[in-house]
Each structure stands twice: as structure tokens, then as C-alpha cells.
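First up is the structure itself, then whatever we jot down about it.
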Amino acid sequence: MATSRILICDDEEGILKYLKKLLESQGMAVETFSSGTALLKRLSAGEAADADLLLQDVRMPDMDGIQVLREVKRIRPPLPVIIMTAFGTIDAAVEAIKLGAYDYVTKPFPKEKILGVLENVLERELLIRENRVLKDELGKPYPSDTIIFRSDRFREVYELTLQVAASSANILIQGESGTGKELIAGATHQNSLRKTRRFLSINCAALSDTLLESQLFGHVRGAFTGAVTTQKGLLEEADGGTLFMDEIGDMSLPIQAKLLRVIQERDFIPVGATRPKSVDIRFVAATNKDLEKEVAEGRFREDLFYRLNVISIALPPLRERKEDIEPIACHFLKKYAQRMKKKVDSFTPEALELMTGYNWPGNIRELENVIERAVILARGSAISAENLPMWKKPADPPGAPDNGFVSLEEIEREHIQRTLAKTGFHKSKTAEILGISRKTLDRKIVEYGLKTPGE
Ligand SMILES: Nc1ncnc2c1ncn2[C@@H]1O[C@H](COP(=O)(O)OP(=O)(O)OP(=O)(O)O)[C@@H](O)[C@H]1O
Ligand SMILES: [Mg+2]
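Residue numbers (our numbering): 476 to 930.
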């Protein structure tokens, strides 16, 4: 996380010093102001643009804190403000909250209290900012990522995708993690009449109910504390386009009910608004859960399931379409060789065989990671078996696990053997170096069947 930048405005020298020291000790960058005028001057000049938070005292000689707050909210609405009240004057605190302050603390405050409040705000800000970035990212036209395959199994899926893309029916994509659900979702949009409108996406598993709801529905100004501006939700922004709802199986029942209403009525009401807005959205949902089972067990609404599952696309795992491994591997090889500026352009036959024999629990995403790593490790122009994590040394002792990993025992065995060799098989010296007793060493030599000269 980047350094948090905190502004503090208080007329008491002692408080400024105390807070500055405390926050700086937590790795925050602090700027202090001894009057509201000084602070507002800087903010209205467009300075301190990267500030994350303002700690504002209520009692100030030149201009009272509430007045400062009002101005700050006018000049820089998104800047969260925490009000410090000196005399526990709850009235001022309540007024501050109504005016858009994020929270308040009562002086004198223990340091845990102030740090707790700050952490809260900063975390929330970070989340909102990440969401904003995410939205900006997804607002761009969806990159028509190449979908690669050779198998008939996937060809069928791909043809179905193109065929249903043109319709306006909702689509449910099911498949194990890493099988390409998001890629296929993008393809349904790209190949539809909606492609000139937006493809937006939201991950239902990553957000709390409150955040998910406000992201989807948006809110009007003043709908809740901190809602200082009206914010459009994804439903409104995706109007005319496609909304991709990833990990739909993780959506809570209350939000499911709200989503069902949107799909049925084709309208929605932003949080805090009174009138519904109508929308035209194609919903594409994805999950790696077995949704029918979720329905049977009462975790997913049956009516919503049928609304989303008008068309269903099931993505087969990579191990059930092994012909696709080679062409997709070559695709990633090209991508990473180019990115790392390495001249690697092929696989040895052994490497290909190893990849085909593997069962790929993480599917295409795992394949991508494996190739990226292999390109880093490759020494020649071809990726060899040794560059793959599922490769196992031919000389591995019998009984070693065949997943390419090495057990601690194996490492210990090798290390003892090597140390013995280095000390010229001087057992006491070896035991001393290894930090074990002579007796233990003897036992391990027998246990591991280690070689000593003459044996
Ligand atoms: N057929 C394919 N051709 C080329 N690249 C693919 C193919 N299928 C998947 N990929 C790539 O593999 C990665 C994983 O795909 P994607 O994110 O669509 O999977 P997912 O099913 O949504 O996974 P998760 O359930 O983990 O979210 C992406 O980088 C994607 O571009
Ligand atoms: Mg995904």
C-alpha cells in the first residue's frame, strides 16, 4: 500500500506535535496546519492533491471546524474528514457528520482509538479507489483476446458461444477455475450487437454485501454517511451493454433477491432514490460452483438460477481436451518470450509429453503460469522438461512424490551426505557442523543408508 498522506488542522501546537509523531511512526506522511485559513488556502490552490484524509479540530480561533469542513467538502468533496471534538460536544460532532464528515473522535483520545479510526477510513478509501480503477479498466472496449483451441470439444463450446452471442438472452458460464470463463464472457459481448456499448464486470465474491449493492445500484447524494456525491452504479453504466457477474455462486441471498427484481422488471432503484430507472442489460454470469447443487441446498434462488441460465455454456477442463495444451502453450510461449525478450520458441518433445500427461487442476491459468516460469528458466531456444515444475529428476530415490517437489527428508539426506563428503567423512566434525549429536548422526546414516568410505 502506498504511503497514506494525512492533513491535520488544529490550533493547539501540542496536539499537532503529538499526532504528527504518532502517525509518522506508523509510516504515514503528515502535514500540519495551525489554522483553517492556512489549510483552505492550500486546498483551494489545488495543492495537497494526493491527501488521503483530513483530521480537523472543531474549536479553532479563526474559523470554527464546522465551517472549515463545509468549505473542504465544497472544494474537495471526496477528501474524507475526521472531526476532533475537544469537549465531547456531541452536537458539533453530529452536525459534522450531517455535513459529510466521515467520523469523529473525542479528545483526549488514546492512540489506539485514533489509529483505529484512521485505519478504517484508509481501508475503505483504498477499496473504493481500487473499484474505481477497476471500473475505468473495464470501461475500455474489451480486448478481443485470442481464444485458442484445437479440440472438437472446445470447438463446440466456441460455436455455441458465437451462436448465442447475437441474442439478448442471459448466459450462465460454468467451469472450473482457470478454464476461460471470463474470456468467453468477453466473446459473447464482442460478437453481439451490444459490442459498441460497455462490457462491465463485477466480482460478487470479492465485495461485501453493502459494497456490492452500492456498486451495482449506485446511490444518490446523502443516501448514507459518506455518500457526498451521487454515484452511478454498474447497472446504469452497463445500460445497453453487457454486465459480467463473476462468481455469482457467492452472491448472498438478499442481493440475489434484488438482482432477480432487476432482471424481471428491467429496472432498478439506486440506493436512496425514489424512482426506478429502466435498463437494458444482457447478464452474463459465471461460477465455478455447481449452481444446481447450490439451488438444491438452498444457497441459491431457483428463480434467479432460471433467469440467468437461459443459455448455459459449460467449459470443459483442460485435462478433458488435451489437444488444446500444445497450441495454447505455444501461444503463451510467444507472449512471454516477447515480453522477456528471450529467444525461446519451441518445446522439446519430452517437455510436451510432460505437459500432456499432467492433469492441470488450475487449467489454462496454471498453464500460463507454468510457461511464464519456464521461459524465465529456459537456457536454450527450446523449453526443456527440466524447466517445468512437474519434472522430476530421473535419479530421485524410489517413493519420492512425483509432483516435482522435494520433501524435507530428501533435502536432509542430501545435505548430510554432502557435509560428510566435505569433512572427509569425519563424523564428529559433521555432527558439529550440522548441530546434531554424534548419536543422531549415526542413526541418520543408517536410516538414510548414507555411504561412508569402505562401506
Ligand atoms: N482458449 C484460450 N486461449 C487462450 N487463452 C486462454 C484460453 N482460455 C483461457 N485463457 C487465458 O487463461 C487465463 C484464465 O482465463 P479466465 O480468466 O477467463 O478463466 P476463468 O474461468 O474466469 O478463471 P477463474 O474461475 O479462476 O476466474 C486468462 O489469462 C485467459 O486469457
Ligand atoms: Mg474468472
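Heads up, the beta-carbon is just placed ideally off N, CA and C, and yes, glycines get one too.
Everything numeric in this text was worked out from a predicted model, so none of it was measured.
ask   = Alpha carbon to alpha carbon, how far is Ala680 from Asn862?
value = Taking the first residue of the sequence shown as 1, we reach residue 680 at position 205. Taking the first residue of the sequence shown as 1, we reach residue 862 at position 387. Near 35 angstroms, if we compare the C-alpha coordinates of Asn862 and Ala680.
task = Can you grab the Cα-Cα spacing for the pair Gln813 / Asn838, in whole Å?
result = As a position in the sequence shown, residue 813 is number 338, starting the count at 1. As a position in the sequence shown, residue 838 is number 363, starting the count at 1. C-alpha separation (whole angstroms): 23 angstroms.
request  = Out of Lys495, Met538, Lys496, point me to the one whose CA is closest to Lys516's CA.
outcome  = In the sequence shown, counting from the first residue as 1, residue 516 sits at position 41. Distance check between Lys516 and each of Lys495, Met538, Lys496 places Met538 closest, using alpha-carbon atoms only.
query = Exposed or buried, Gln739, counting other C-beta atoms within 10 Å across all chains shown (16 or more means buried)?
reply = The residue labelled residue 739 in the question sits at position 264 within the sequence shown. Its Cβ having fewer than 16 others within 10 Å, Gln739 is exposed.
query = From Ser903, Ala906, Arg888, pick the residue whose C-alpha is nearest to that of Lys423; which is it?
reply = This structure does not reach residue 423, given that the chain is present from 476 up to 930, and the question cannot be answered.
inquiry  = For the pair the region 749 to 756 and the region 803 to 820, tell me if three or more CB-CB distances fall below 8 angstroms.
reply    = Taking 8 angstroms as the limit for Cβ pairs, the verdict is that the region 803 to 820 does not touch the region 749 to 756.
key: Straight-line Cα distance separating Asn844 from Arg918   = For the purposes of this step, residue 918 is taken as residue 443 along the sequence shown, with counting starting at 1. For the purposes of this step, residue 844 is taken as residue 369 along the sequence shown, with counting starting at 1. Taking the straight line from one Cα to the other gives about 42 angstroms.
ask   = Is it true that the CB of Ala853 sits closer than 8 angstroms to the CB of Lys817?
value = The residue given as residue 817 occupies position 342 in the sequence shown. The residue given as residue 853 occupies position 378 in the sequence shown. Yes, these two residues count as a Cβ contact at 8 angstroms.
ask   = Do you know how far the Cα of Asp684 is from the Cα of Met535?
value = The count along the sequence shown starts at 1 and reaches residue 535 at position 60. The count along the sequence shown starts at 1 and reaches residue 684 at position 209. So the two alpha carbons sit approximately 39 angstroms from each other.
ask   = In this structure, does DSSP put Thr915 in helix, strand or coil?
value = Taking the first residue of the sequence shown as 1, we reach residue 915 at position 440. Looking at Thr915 - three-state DSSP - the assignment turns out to be helix.
request  = Name the residue from Val556, Asp627, Lys582, Ile846 whose alpha carbon lies nearest to the alpha carbon of Glu795.
outcome  = As a first step, residue 795 must be located in the sequence shown, where it is residue number 320. Minimum Cα-Cα distance from Glu795 among the listed residues Val556, Asp627, Lys582, Ile846 corresponds to Asp627.
task = Keeping to the same chain, check which residues put their C-beta closer than 6 angstroms to that of Ile786; ignore five residues upstream and five downstream.
result = As a first step, residue 786 must be located in the sequence shown, where it is residue number 311. Contacts found: Val639, Ala644, Ile646.
inquiry  = Tell me the DSSP secondary structure of Gln501 in three-state form.
reply    = Locating residue 501 in the sequence shown gives position 26, where the first residue counts as 1. Coil at Gln501, not helix or strand.
ask   = If we call anything under 8 angstroms between Cβ atoms a contact, is Leu482 one with Ala520?
value = Sequence index remark: in the sequence shown, residue 482 carries index 7 (1-based). Sequence index remark: in the sequence shown, residue 520 carries index 45 (1-based). Contact flag unset, no.
key: Best match in Val543, Ile730, Ile659 for proximity to Leu779 [C-alpha to C-alpha]   = Here residue 779 refers to the residue found at position 304 of the sequence shown. For the set Val543, Ile730, Ile659, the Cα lying nearest the Cα of Leu779 is the one of Ile730.
inquiry  = Suppose the cutoff is 6 angstroms on Cβ atoms and the five residues either side in sequence are ignored; what does the same chain contact list for Asn763 look like?
reply    = The residue given as residue 763 occupies position 288 in the sequence shown. Residues of the same chain with a CB within less than 6 angstroms of the CB of Asn763, apart from the 5 flanking positions on each side, are Glu651, Ser652 in chain order.
inquiry  = On the criterion of 16 or more Cβ atoms from any shown chain inside 10 Å, does Leu544 qualify as buried, or is it exposed?
reply    = Walking along the sequence shown from the start, residue 544 turns up at place 69. Buried is the call here.
ask   = Looking only at DSSP bridge pairs, what is Asp742 linked to?
value = As a working mapping, residue 742 is identified with position 267 in the sequence shown. Paired residues: Ser753.
ask   = What's the call for Tyr781, buried or exposed, on a 16-neighbour Cβ count within 10 Å?
value = Taking the sequence shown and counting its residues from 1, one reaches residue 781 at position 306. By the Cβ-count criterion, Tyr781 is exposed, with fewer than 16 other Cβ atoms from all chains shown falling within 10 Å of its own Cβ.
key: One or two residues paired with Met559 in a DSSP bridge   = If you number the sequence shown from 1, residue 559 lands on position 84. Per DSSP, Asp532, Val580.
task = Could you round the C-beta distance between Ser821 and Ser856 to whole angstroms and report it? I think they count as a contact, below 8 angstroms.
result = Position 346 of the sequence shown, counting from 1, holds the residue named residue 821. Position 381 of the sequence shown, counting from 1, holds the residue named residue 856. Confirmed, Cβ separation roughly 7 angstroms.
request  = Note down the Cα distance separating Trp835 from Phe584, rounded to an integer number of angstroms.
outcome  = Position 360 of the sequence shown, counting from 1, holds the residue named residue 835. Position 109 of the sequence shown, counting from 1, holds the residue named residue 584. Whole-angstrom Cα-Cα distance: 55 angstroms.
ask   = What is the rounded straight-line gap between the Cα of Leu829 and the Cα of Lys868?
value = Within the sequence shown, numbered from 1, the residue matching residue 829 stands at position 354. Within the sequence shown, numbered from 1, the residue matching residue 868 stands at position 393. Rounded to whole angstroms, Leu829 to Lys868 spans 13 angstroms at the Cα level.
query = Can we count Asp657 as close to ligand 2, meaning its CB is less than 7 angstroms from some heavy atom?
reply = By 1-based counting over the sequence shown, the position of residue 657 is 182. Note that residue 657 is Glu in the sequence shown, not Asp. Checking the 7 angstroms criterion, the Cβ of Glu657 is within range of a heavy atom belonging to ligand 2.
query = Should Asp725 be counted as a contact of ligand 2 given a C-beta to heavy atom distance under 7 angstroms?
reply = In the sequence shown, residue 725 corresponds to position 250, counting from 1. False, no ligand heavy atom lies under 7 angstroms from that Cβ.
ask   = Hey, is Ala789 close to ligand 2, as in C-beta under 7 angstroms from one of its heavy atoms?
value = For the purposes of this step, residue 789 is taken as the residue at position 314 of the sequence shown. No, the Cβ of Ala789 stays beyond 7 angstroms of every heavy atom of ligand 2.
key: Contact under 8 angstroms by Cβ, Ile557 with Ala568   = Reading the sequence shown from its first residue, position 82 is the one you call residue 557. Reading the sequence shown from its first residue, position 93 is the one you call residue 568. In this structure, Ile557 keeps its C-beta atom at 8 angstroms or more from the C-beta atom of Ala568.
task = Kindly indicate if chain B contains any beta-carbon less than 8 angstroms away from that of Phe807.
result = Absent from the structure: chain B. Only one protein chain is present.
inquiry  = Let me check understanding here. Comparing Cα to Cα, which of Arg696, Val592, Ala789, His694 lies closest to Tyr633?
reply    = Here residue 633 refers to the residue found at position 158 of the sequence shown. Residue Ala789 is the option with its Cα nearest to Tyr633.
message = Distance check for Ala896 and Glu612, CA to CA, integer angstroms please.
response = Within the sequence shown, the letter at position 137 stands for residue 612. Within the sequence shown, the letter at position 421 stands for residue 896. With a pLDDT of 45 at Glu612, under the threshold of 50, the modelled position of this residue cannot be trusted, and the question is left open.
ask   = Which residue from Ala702, Val547, Glu798 puts its Cα closest to that of Leu523?
value = Position 48 of the sequence shown, counted from the start, is the residue given in the question as residue 523. One detail in the question is off: residue 523 reads as Ala in this sequence, not Leu. Here the closest residue by C-alpha is Val547.
request  = Confirm the yes/no value for this check: CB of Ala761, any heavy atom of ligand 1, distance under 7 angstroms.
outcome  = Here residue 761 is taken as the residue at index 286 of the sequence shown, counted from 1. Ala761 Cβ: within cutoff of ligand 1.
inquiry  = ligand 1 and Gly540: does any heavy atom of the ligand fall closer than 7 angstroms to the residue's C-beta?
reply    = Position 65 of the sequence shown, counted from the first residue, corresponds to residue 540. It does not: the Cβ of Gly540 is nowhere closer than 7 angstroms to a heavy atom of ligand 1.
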